[in-house]
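Q:
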Amino acid sequence: MTQRKAYRAAILHCTDDPREVDVDASHQYFEDGLLVVEDGVVVELGDAEHMLPALPKNVKVATYPNALITPGFIDTHIHLPQVGIIGSYGAQLLDWLETYVFPSEARFVDPDYARAQAELFLGELLRNGTTTALVFGTVHKQSVEAFFARAATLNLRMIAGKVLMDRNAPVCLTDTPESGYLDSKELIERWHGKGRLHYAVTPRFAPTSTPEQLALAGRLFKEYPDLYMHTHISENLQEIEWVKELFPDRNGYLDVYDHHGLIGARSVFAHGVHLRDDECQRLAETGSAVAFCPTSNLFLGSGLLDLARLEEHGVLVGLGTDVGAGTSFSQLQSLNEAYKVLQLQGQKLDPFKALYLATLGGARSLYLDDKIGNLKPGKEADFVVLDYHATPLLRHRLSQAKTLRERLFALIILGDDRVVMETFSAGVSVHQR
Ligand code: GUN
Ligand code: ZN
4 MTQRKAYRAA ILHCTDDPRE VDVDASHQYF EDGLLVVEDG VVVELGDAEH
54 MLPALPKNVK VATYPNALIT PGFIDTHIHL PQVGIIGSYG AQLLDWLETY
104 VFPSEARFVD PDYARAQAEL FLGELLRNGT TTALVFGTVH KQSVEAFFAR
154 AATLNLRMIA GKVLMDRNAP VCLTDTPESG YLDSKELIER WHGKGRLHYA
204 VTPRFAPTST PEQLALAGRL FKEYPDLYMH THISENLQEI EWVKELFPDR
254 NGYLDVYDHH GLIGARSVFA HGVHLRDDEC QRLAETGSAV AFCPTSNLFL
304 GSGLLDLARL EEHGVLVGLG TDVGAGTSFS QLQSLNEAYK VLQLQGQKLD
354 PFKALYLATL GGARSLYLDD KIGNLKPGKE ADFVVLDYHA TPLLRHRLSQ
404 AKTLRERLFA LIILGDDRVV METFSAGVSV HQR
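If you read the sequence shown in the numbering used here, its first letter stands for residue 4, the second for the next number, and so on.
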């Protein structure tokens with residue numbers, strides 16, 4: 004039992020998708036708010052002036068002037084072993100994988116290296132205000148072992164899995180259908196459901212798995228309750244052509260995964276930039292989710308995700324950084340680029356919708372919205388304190404803003420790790436700037 008604590012600042016969180024309700028009804032805002040936390044859970048949220056008189060005298064109140072508290076950010080697609088190759092020049096997806104990614108992932112054969120990288124990676128997530136992420140490891144068990152061990156120490160709600168890859172990759176990075184299945188099973192038995200951790204069955208993408216491996220991945224996905232499935236789909240046009248050649252009997256890219264039992268609730272597909280309408284329909288009817296990764300899609304020249312089309316089909320969409328094809332750990336920067344990706348298609352990303360995508364929308368995509376995604380009483384107390392005065396430019400720009408909407412939008416466009424003053428996981432401070 005931990006002591007009750009209170010946090011006083013402006014507080015903003017989403018209660019609904021602005022697509023489903025009037026945008027003004029999609030969030031709650033307290034200009035002078037108070038968030039009360041006990042045992043890692045939100046117990047009360049409201050106006051400080053109303054709540055303070057009734058707050059027991061022994062409850063400590065931390066006050067943050069010129070700051071905004073929001074839920075912790077949720078990253079629905081990122082790679083642990085790609086931190087060292089962010090910003091690698093000049094290639095599109097398939098060449099980029101060969102040239103930069105595979106050599107970087109090969110280093111995780113060393114458990115000491117994996118541990119050091121897991122610490123760096125989780126540190127970066129927290130510095131950027133991300134409290135939950137869906138994470139690709141490498142083919143090596145020890146990558147995921149190192150990640151979960153560190154995440155457990157910090158009591159973070161995290162999802163990860165060992166990569167399954169049994170062809171079209173360097174030999175040192177391949178497993179076999181059987182070894183991939185058994186190694187995953189071992190990790191599931193050890194970590195899935197332990198504390199706040201979850202396991203994701205993680206075939207890299209269709210081209211690097213044989214049908215035998217995909218079939219065993221599908222079996223695993225059904226064998227344990229609440230398991231995730233995490234992979235890539237329809238990111239790049241050459242990739243899609245390759246999938247057609249490798250799986251001539253299947254009716255397109257999604258059908259490869261569908262045929263092997265890899266779609267449904269808790270399955271998350273990164274990118275989906277070039278999905279067909281019938282594929283969007285199938286994702287929607289099965290409760291599968293797409294991770295929108297704008298910084299990555301721009302960096303690799305993959306294409307522009309048509310968010311409006313996915314949402315018209317009813318597909319669940321979360322936001323991902325996709326580091327290291329993505330160029331920032333900051334979900335504020337993902338939103339900055341998402342805004343531009345949608346501008347180029349004549350779509351508008353409302354600032355409250357943007358916050359939704361980075362918080363409650365991510366939680367819904369991961370079927371974790373009963374636990375995280377906003378600050379309603381009963382939710383886990385994962386939250387961030389964002390500094391309105393983080394830089395001279397931000398301070399000046401926000402002083403000109405007349406409305407919350409304007410302030411939030413400028414914060415998203417100008418913000419990054421510099422604005423994250425403090426990050427809390429289950430009510431405990433895990434990063435101070
Ligand atoms: N498709 C298969 N593997 C990868 C990867 O590591 N990153 C991205 N962006 N796409 C992929
Ligand atoms: Zn990726």
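All C-beta atoms, glycine included, are put in the ideal place defined by N, C-alpha and C. Just so you know, these numbers come straight off a predicted model, no measurement behind them.
Any heavy atom of the ligand ZN closer than 7 Å to the beta-carbon of A273?
A: True, at least one ligand heavy atom lies under 7 Å from that Cβ.
Q: Counting C-beta neighbours from all protein chains within 10 Å, is the total for N254 16 or more, i.e. buried, or is it exposed?
A: By the 10 Å Cβ count, N254 comes out exposed.
Q: Bridge partners of M161, per DSSP?
A: The partner list for M161 (beta bridge, DSSP) reads L200.
Q: In whole angstroms, what separates the C-alpha of F332 from that of V433?
A: Going from the Cα of F332 to the Cα of V433 covers about 16 Å.
Q: Identify, in the order they occur along the chain, each residue of the same chain with its Cβ nearer than 6 Å to the Cβ of D390, setting aside the five sequence neighbours on each side.
A: Counting only Cβ-Cβ distances below 6 Å, and skipping sequence neighbours, we find A70, V422, M424.
Q: Do D261 and C296 come within 8 Å of each other at the CB atom, strictly closer than that value?
A: No, the pair does not count as a contact, with Cβ atoms beyond the cut-off.
Q: Pick helix, strand or coil for G126, following the three-state DSSP scheme.
A: In this structure, G126 counts as helix in the three-state DSSP scheme.
Q: Which residues neighbour the ligand GUN when neighbourhood means a C-beta less than 6 Å away from any of its non-hydrogen atoms? List them by chain order.
A: That query returns the following residues: H82, L96, L100, V104, R207, F208, H235, E238, S299, D325, A328.
Q: So what's Y10 in DSSP terms, helix, strand or just coil?
A: In the structure shown, Y10 sits in a strand (DSSP, three-state: E or B).
Q: At a cut-off of 7 Å, is H80 close to the ligand ZN when judged by its beta-carbon and the heavy atoms of the ligand?
A: Yes, Cβ of H80 sits closer than 7 Å to a heavy atom of the ligand ZN.
Q: Enumerated in chain order, which unbroken segments of the alpha helix (DSSP H) with a length of 4 residues or greater are wholly contained in the segment 333–405?
A: Runs of the alpha helix (DSSP H) inside the segment 333–405: 334–346, 354–361, 363–368, 395–402.
Q: Which stretch, first to last residue, makes up the alpha helix (DSSP H) that contains I416?
A: Per DSSP, I416 belongs to the alpha helix (DSSP H) from 407–417.
Q: Could you tell me whether any non-hydrogen atom of the ligand ZN is closer than 7 Å to the CB of F139?
A: Correct: F139 has its Cβ closer than 7 Å to the ligand ZN.
Q: Touching or not, the segment 157–171 and the segment 210–225, by the rule of three or more beta carbon pairs under 8 Å?
A: Yes: the two stretches touch, three or more of their Cβ pairs being nearer than 8 Å.
Q: Exposed or buried, which one is Q53 when buried takes at least 16 other CB atoms within 10 Å?
A: A small fix is needed here, since residue 53 is His in this sequence, not Gln. H53 should be labelled exposed.
Q: Please name the residue, chosen from R398, D115, I77, that lies closest to T134 on a Cα-to-Cα basis.
A: Nearest of R398, D115, I77 to T134, Cα basis: I77.
Q: Alpha carbon to alpha carbon, how far is A361 from D280? Give it in angstroms, no decimals.
A: C-alpha separation (whole angstroms): 25 Å.
Q: Distance check for D35 and G376, CA to CA, integer angstroms please.
A: Those two C-alpha atoms are separated by around 21 Å.
Q: For the alpha helix (DSSP H) that contains P74, what are its first and last residues?
A: Run containing P74: none in the alpha helix (DSSP H); it sits in the beta strand (DSSP E), 63–74.
Q: For the alpha helix (DSSP H) containing H494, name the first residue and the last one.
A: With the chain represented from 4 up to 436, any question about residue 494 goes unanswered, as that position is not in the structure.
Q: Buried or exposed for V271, going by 16 or more other Cβ atoms inside 10 Å?
A: Flag for V271 reads buried.
Q: Assign V246 to buried or exposed, taking buried as 16 or more other Cβ atoms, counted over all protein chains shown, within 10 Å of its Cβ.
A: It counts as buried.
Q: If you compare alpha carbons, which of H143, P173, H316, E238 is closest to E189?
A: Among H143, P173, H316, E238, the Cα nearest to that of E189 belongs to H143.
Q: Under 8 Å by Cβ, that's how I've got V62 and K8 pegged, so tell me the actual separation to the nearest angstrom.
A: 7 Å between Cβ atoms; contact.
Q: Cβ atoms of L176 and L303: under 8 Å apart, would you say?
A: No.
Q: Could you tell me if V24 is buried or exposed, where buried requires 16 or more neighbouring beta carbons within 10 angstroms of its beta carbon?
A: Answer is exposed; the Cβ neighbour count stays below 16.
Q: Which residue from S428, V388, S402, E409 puts its Cα closest to that of D419?
A: Here the closest residue by C-alpha is V388.
Q: Taking S337 as the reference, give the member of L301, P251, F105 with the closest Cα.
A: When each option's Cα is compared against that of S337, the closest is L301.
Q: Out of A121, L335, Y227, which one is the CA nearest neighbour of H195?
A: That would be Y227, whose Cα lies nearest to the Cα of H195.
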